[in-house]
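Colleague:
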Amino acid sequence: MKLVALIWSHKSAASPAREALAGVPLEYALTQIQKAGVQEAVAISTCNRFELYVAGKEGQRLDLSALYCALSEVAGHEISATVETREDHEAVRHLFAVSSGLDSLVVGESEILGQVRSGYESARSKGMTGKRLNVLFQRALYVGKKARAETAIGAGAMSVPSVAVQMAENIFGRLEGKAALILGAGAMAELSAKHLAARGVGRLSVANRTWERAYALAARFQGEAVAWSAIPEALAEADVVISSTGSPTAVLTKSIVADACRRRGGRSLFLIDIAMPRDIEESVHALDGVYLYRLEDLESIVAKNVSSRVEAMAAAGRIVASKAAEFDAWAKSLSTGRELSLKHSRRSSK
Amino acid sequence: MTLQTITAWTAFALYSAATFAAFGYLLSKDSRASRVMLSLLGVGLFFHTISFIAYLAAFWAYPENRFYLPLMSFYGALSYMSLALAAAFFVVEGRNRLGILGAFVLPLAAGALGLAVTFADPSAAPLAQPLRSYWLNIHPMLLMTAYAAFANAFGVAVAMLIQEAQIKSRKPTNLCYRLPSLDELDSLNGKVIASAYPVLLAGLAMGFAWAYYEWGRMWTSDPKMILALMTATFYGAFLYMRYVAGRRGRRPVYVSLLGFASVLMTFFGAELLSGRHVFMGGAR
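In the order they appear, the protein sequences are chains A and B. In this note's numbering, each residue's number is its place in the first sequence (first place is 1) plus 362. In this note's numbering, each residue's number is its place in the second sequence (first place is 1) plus 223.
#1: Taking the C-alpha atoms as reference points, what is the distance between Ala506/B and Gly679/A?
#2: Between the C-alpha atoms of Val381/B and Ile604/A, what's the straight-line distance to the nearest angstrom?
#3: In or out: Asp641/A buried (at least 16 other Cβ within 10 Å) or exposed?
#4: I'd like to check one pair, Leu579/A with Ala555/A: are the Cβ atoms closer than 8 Å?
#5: Could you pull out every residue in the same chain whose Cβ sits closer than 6 Å to the Cβ of Val266/B, ignoring the five residues on either side in sequence?
#6: Does any residue of chain B bring its CB to less than 8 Å from the CB of Met529/A?
#7: Identify every residue that forms a DSSP beta bridge with Lys364/A.
#8: In whole angstroms, what is the alpha-carbon distance linking Gln389/B and Asp659/A?
#9: With respect to the alpha helix (DSSP H) encompassing Glu574/A, which residues constitute its N-terminal and C-terminal limits?
#10: How many angstroms separate the CA atom of Phe246/B from the CA atom of Ser305/B?
#11: Please report the Cβ distance between Ala530/A and Val602/A, rounded to the nearest whole angstrom; I am assuming they are in contact, meaning their Cβ atoms lie under 8 Å.
#12: What is the rounded straight-line gap between the Cα of Glu449/A and the Cα of Val416/A?
#13: Pro395/B versus chain A: which residues are under 8 Å apart at the beta carbon?
#14: Leaving out five residues on either side along the sequence, give the residues of the same chain with a beta carbon under 6 Å from the beta carbon of Ala326/B.
#15: At which residues does the alpha helix (DSSP H) containing Phe377/B begin and terminate?
#16: Taking only beta-carbon atoms, is Ala690/A less than 8 Å away from chain B?
#17: With DSSP as the reference, please indicate the residues paired to Val603/A in a beta bridge.
#18: Check whether the stretch 448 to 466 of chain A and the stretch 507 to 516 of chain A are in contact - that is, three or more C-beta pairs closer than 8 Å.
#19: Mind the definition here: the stretch 368 to 380 of chain B touches the stretch 294 to 313 of chain B only if three or more C-beta pairs lie below 8 Å; say whether that holds.
#20: Out of curiosity, what's the CA-to-CA distance linking Arg380/A and Met520/A?
#21: If contacts are defined as beta-carbon pairs under 8 Å, then Thr228/B and Pro345/B qualify, I think. What distance do you get, rounded to the angstrom?
#22: Under DSSP, the alpha helix (DSSP H) around Leu649/A begins and ends at which residues?
#23: Near His456/A, which residues of its chain fall below 6 Å by C-beta distance, leaving aside the five closest residues on each side in sequence?
#24: Apply the 10 Å Cβ neighbour rule to Lys397/A and answer buried if 16 or more other Cβ atoms are within range, or exposed otherwise.
#25: In the DSSP assignment, the alpha helix (DSSP H) including Ile618/A goes from what residue to what residue?
#26: Verify the CB distance criterion: does Arg680/A have a CB-CB separation below 8 Å to chain B?
#27: At a CB distance below 8 Å, what residues from the stretch 611 to 642 of chain A approach chain B? Give them in sequence order.
#28: Which one of Val476/B, Leu408/B, Pro395/B has the shortest CA to CA distance from Asn667/A?
#29: Who are the neighbours of Asp659/A on chain B, taking C-beta pairs under 9 Å?
#30: Can you check which of these residues, Ala284/B, Arg258/B, Ala428/B, is closest to Ala347/B by C-alpha distance?
#31: Could you give the C-beta distance for Ile681/A and Ala509/A, rounded to a whole number, given that I count them as a contact under 8 Å?
#32: Go ahead and label Phe342/B buried or exposed: buried means 16 or more other beta carbons lie within 10 angstroms of its beta carbon, across all protein chains shown.
#33: Kindly indicate which residue of Ala598/A, Ser609/A, Lys694/A, Arg582/A has the alpha-carbon position closest to the one of Arg626/A.
#34: Starting from Thr454/B, follow the alpha helix (DSSP H) in both directions and report where the run begins and ends.
#35: Pick helix, strand or coil for Arg448/A, following the three-state DSSP scheme.
#36: Taking the beta strand (DSSP E) that Ala403/A belongs to, which residues open and close that run?
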């Protein structure tokens, strides 16, 4: 069997061809590919990649030039110059690496699995997948799940805001319905607000010495501006507090926090201090149910996650290699007439 | 070897294997270990149920036992408690997807059954005359059920203290991400104890009622009675702190741990001290 993967991805630099292809609706692209004389093909389209897996008939050369022509026309851009091609075993291996998240911009992200699935499903609904491509893509989805289940490839946040969110989830579970208080209205405060809002934090309050700036930031996130003098009351309500003011002295002292704790009915309080000099007194961390993380705490967690991600990548790479070899053996066994069996035990788990 | 002992040993082996799988899941990221644990536990529960039914049949073979449950012997009590513990975990885990807690709960289930198969006399005997009472029939069953729930809560509480220490340390290890969140553990601990507490009280009430009919007074300063009241007091204090005074965090959890310590003392310790609560079959 001849299998060719045509790849335009973020790895082959920022390419206008990739962007042009990614903008084309998948169904339309498939129709045009079919018209160019390709019977069996699956396209995967994300904002970082456009990939086409084309299967040819046994002993028959694939004519790619007609395909390039069709694709260039669809994209409105000359695309053959920047393509990267992989054949047979290398193509299989690449697809498995993609579905495992090994090839993603953010290694281990899980969206790609859904994108591979939807690419496969639209090709199948157009009748463009034969037995080999069907099995290949079902295997790819299986390998992607397996890699995530058996290695830490998808675990561990890689940036300070996402580590902060993850720690908040370790304390509160789901963040929906939780209240966040943001002290300061600078760029860091805005970024934090964005991350928290993305995780479904219910109520967002902003306090700043300048009321107008607090009001402006709060408005952008459908939050509520709080007067600087009302911080102690807001603290009794909040679950997560992110502080990044330019204040030269501590904004939250131990007595303010201890006082708020008495009115909180024992709920945990997660404080994040990313200001320099510090906004929150260190002694606050000793209070029962209060967890104070400073910028350097979050940074050291990021560093640890990055190094363990490297190990997980190696482990996931081994899974990809062994499953790709398994698939090859199966594909070869088809022509001998004694088909090997592939276990799809986890395929139906979701 | 009878069917009852063979299946009990099989269940014990399966519970132990499930415990190992639970630790495997705790220490690695491999989610297969969690499935293996649940499967082993499920099969173990099956064998354990057969074993308990066989024991029940042997017990009911004595016509005078016909209307009672075989929980008055050391073997029967341990076996029933282990069964209730494992079944409660199976249900709680299944509903909450908290397989990770197996490492904290399953050792107790395996331990209780292990004790039953190695140290307790598995043969059934007729109940002594004063024990043939409906009050006493339900009394141990309710208490064991409550104890099994408390043992599950104990596992949750230990996991919660570990998670709390992880977050407080600012240097979370992988364990931190694998354990459920602090709030979930805290509320599960509270809920399990809150639902088992009425069962405990009802079980104690049955015991007092029996004592009143049999001895003409409710209270005898029997060590087991004192310890059982201590258990009720500790868990009552926990529930008060948690739900009435609105306190959360480590301190109420410490009180719930004291409660479980007194459960263990009531169940095992009082055996050595108590004249009235010596189990019918006793230890071998």
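Here a beta-carbon is modelled for each residue, glycine too, at the ideal position from N, C-alpha and C.
Modeller: If we stick to the structure as given:
#1: Stepping through the second sequence from its first residue, residue 506/B is reached at position 283. Stepping through the first sequence from its first residue, residue 679/A is reached at position 317. With a pLDDT of only 37 at Ala506/B, under 50, the local geometry of the prediction cannot be trusted, and the value read off the model is given with reservation. CA-CA distance, Ala506/B to Gly679/A, rounds to 56 Å.
#2: Walking along the second sequence from the start, residue 381/B turns up at place 158. Walking along the first sequence from the start, residue 604/A turns up at place 242. Between Val381/B and Ile604/A, the C-alpha separation is close to 30 Å.
#3: Your numbering for residue 641/A matches position 279 in the first sequence. It counts as buried.
#4: To locate residue 555/A, count along the first sequence from 1; it is residue 193. To locate residue 579/A, count along the first sequence from 1; it is residue 217. Remark: C-beta atoms of Ala555/A and Leu579/A approach each other more closely than 8 Å.
#5: Here residue 266/B refers to the residue found at position 43 of the second sequence. Non-local C-beta neighbours of Val266/B in its own chain, meaning closer than 6 Å and more than five positions away in sequence, comprise Leu237, ordered along the chain.
#6: Taking the first sequence and counting its residues from 1, the one referred to as residue 529/A is at position 167. Chain B, which has a Cβ nearer than 8 Å to the Cβ of Met529/A, makes this yes.
#7: The count along the first sequence starts at 1 and reaches residue 364/A at position 2. Paired residues: Gly418/A.
#8: Here the question's residue 389/B lines up with position 166 in the second sequence. Here the question's residue 659/A lines up with position 297 in the first sequence. Approximately 13 Å between the Cα atoms of the pair.
#9: What you label residue 574/A is simply residue 212 of the first sequence in a count that begins at 1. Boundaries of the alpha helix (DSSP H) harbouring Glu574/A: 573 to 582, taken from the DSSP string.
#10: Position 23 of the second sequence, counted from the start, is the residue given in the question as residue 246/B. Position 82 of the second sequence, counted from the start, is the residue given in the question as residue 305/B. Using only the alpha carbons, I get a separation of about 19 Å.
#11: Within the first sequence, the letter at position 168 stands for residue 530/A. Within the first sequence, the letter at position 240 stands for residue 602/A. 5 Å between Cβ atoms; contact.
#12: Working through the first sequence from its first residue, we reach residue 449/A at position 87. Working through the first sequence from its first residue, we reach residue 416/A at position 54. Rounded to whole angstroms, the gap between the alpha carbons of Glu449/A and Val416/A is 10 Å.
#13: Translated into the one-based positions of the second sequence, residue 395/B becomes position 172. Identification of chain A residues near Pro395/B by a Cβ-Cβ cut-off of 8 Å yields Met529, Asn532, Ile663, ordered along the chain.
#14: Residue 326/B sits at position 103 when you count from the first residue of the second sequence. Taken in chain order, the residues that qualify are Ala245, Phe246, Leu249.
#15: Mapped onto the second sequence, residue 377/B falls at position 154. In this chain, the alpha helix (DSSP H) harbouring Phe377/B covers 357 to 392.
#16: Within the first sequence, numbered from 1, the residue matching residue 690/A stands at position 328. Just to set this straight, residue 690/A is Asp in the shown sequence, not Ala. Using beta-carbon distances, Asp690/A does not count as an interface residue toward chain B, since no partner is under 8 Å.
#17: On the first sequence, residue 603/A is found 241 positions in, with the first residue counted as 1. Per DSSP, Leu543/A, Leu633/A.
#18: A contact exists between the stretch 448 to 466 of chain A and the stretch 507 to 516 of chain A.
#19: Output reads yes: the stretch 294 to 313 of chain B touches the stretch 368 to 380 of chain B.
#20: The residue given as residue 380/A occupies position 18 in the first sequence. The residue given as residue 520/A occupies position 158 in the first sequence. Rounded to whole angstroms, Arg380/A to Met520/A spans 26 Å at the Cα level.
#21: To locate residue 228/B, count along the second sequence from 1; it is residue 5. To locate residue 345/B, count along the second sequence from 1; it is residue 122. The Cβ separation is near 6 Å, so the contact holds.
#22: Translated into positions along the first sequence, residue 649/A becomes position 287. Run containing Leu649/A: none; DSSP gives neither H nor E here.
#23: Against the first sequence, residue 456/A aligns to sequence position 94. If we look at His456/A and ignore the five residues flanking it on each side, its Cβ neighbours are Ala367, Arg448.
#24: Locating residue 397/A in the first sequence gives position 35, where the first residue counts as 1. Exposed, since its Cβ has fewer than 16 Cβ neighbours within 10 Å.
#25: On the first sequence, position 256 is the one that residue 618/A refers to. Run containing Ile618/A: 616 to 624, per the alpha helix (DSSP H) assignment.
#26: As a working mapping, residue 680/A is identified with position 318 in the first sequence. Using a CB distance cut-off of 8 Å, Arg680/A does not count as an interface residue toward chain B.
#27: Under the 8 Å Cβ criterion, the stretch 611 to 642 of chain A contributes Gly627, Gly628, Arg629, Ser630.
#28: Residue 667/A sits at position 305 when you count from the first residue of the first sequence. Among Val476/B, Leu408/B, Pro395/B, the Cα nearest to that of Asn667/A belongs to Pro395/B.
#29: Here residue 659/A is taken as the residue at index 297 of the first sequence, counted from 1. Those are Arg393, Lys394, listed as they occur along chain B.
#30: The residue labelled residue 347/B in the question sits at position 124 within the second sequence. The candidate whose alpha carbon is nearest that of Ala347/B is Ala284/B.
#31: As a first step, residue 681/A must be located in the first sequence, where it is residue number 319. As a first step, residue 509/A must be located in the first sequence, where it is residue number 147. The Cβ separation is near 5 Å, so the contact holds.
#32: For this step, residue 342/B is matched to residue 119 along the second sequence. Counting of Cβ neighbours within 10 angstroms places Phe342/B among the exposed residues, the total staying below 16.
#33: In the first sequence, counting from the first residue as 1, residue 626/A sits at position 264. Among Ala598/A, Ser609/A, Lys694/A, Arg582/A, the Cα nearest to that of Arg626/A belongs to Ala598/A.
#34: Position 231 of the second sequence, counted from the first residue, corresponds to residue 454/B. Here the alpha helix (DSSP H) through Thr454/B covers 446 to 462.
#35: Here residue 448/A is taken as the residue at index 86 of the first sequence, counted from 1. Correct three-state label for Arg448/A: strand.
#36: Position 41 of the first sequence holds residue 403/A. In this chain, the beta strand (DSSP E) harbouring Ala403/A covers 402 to 407.
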